[in-house]
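The opening position of the sequence shown corresponds to residue 994 in our numbering, with each subsequent residue numbered one higher.
Yeah, the Cβ is synthetic: ideal placement off N, Cα and C, and Gly gets one too.
Fair warning: this is a prediction, and the values are worked out from it, not measured in the lab.
A short write-up of the structure that comes next.
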Amino acid sequence: MQCHNHEIQAVATCKNCYKAICRDCLSLVNGICACKNSCEQAVTDFEEYLSLSKQSIKKISNTYKNGAIFNFICGLVFFIIGIAPVITGSNYGVTIFAVLGLAFFYGSYASYKGGKRLETNEKAQRQTGV
């Protein structure tokens, strides 16, 4: 494989334009190969964007977990209100509250799993270097 700019052997591929580059054309930006003077800024911008994306994923993941806690508490309150008359010996139960409680429990579970899925995807991306 020959360098895109020179008639010598290429040693790397630019991560921005994917052209073969030799040692004279090579510039390392945070350990990433880029074309000297032409693709360095694009690679730097992409790295900054990637860093911000990872921070956003972490914040979103925490929001999912907070939502799971809120849903669980609401579900517990509604479920207790729904089954309390049955437990205390009354002849009636407020079934709609028990059903709402179960719906909140499901929402809590789904929110928690969504947050974990985001964390797992972010960890996998970090390990593969994407």
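Legend entry - Nearest-angstrom Cα separation, counted from residue 1076 out to residue 1082: Taking the straight line joining both Cα atoms gives about 10 Å.
Inset, instruction - Can you tell me which of the three DSSP states residue 1103 falls into? - result: Assignment of residue 1103 by DSSP, reduced to helix, strand and coil, places it in the helix class.
Legend entry - Bridge partner(s) assigned by DSSP for residue 1027: Looking at the DSSP output, residue 1027 shares a beta bridge with 1020.
Legend entry - Spatial neighbours of residue 1053 in its chain, beta-carbon cut-off 7 Å, leaving aside the 5 residues before and after: Excluding positions up to five away in sequence, the list reads 1111.
Inset, instruction - Measure the alpha-carbon distance for residue 1044 versus residue 1034 and round it to whole angstroms. - result: So the two alpha carbons sit approximately 15 Å from each other.
Legend entry - Beta-carbon gap between residue 997 and residue 1012 smaller than 8 Å: Yes. Within cutoff.
Legend entry - Option nearest residue 1092 by Cα separation, candidates 1107, 1080, 1105, 1074: The residue with the shortest Cα to Cα distance from residue 1092 is 1074.
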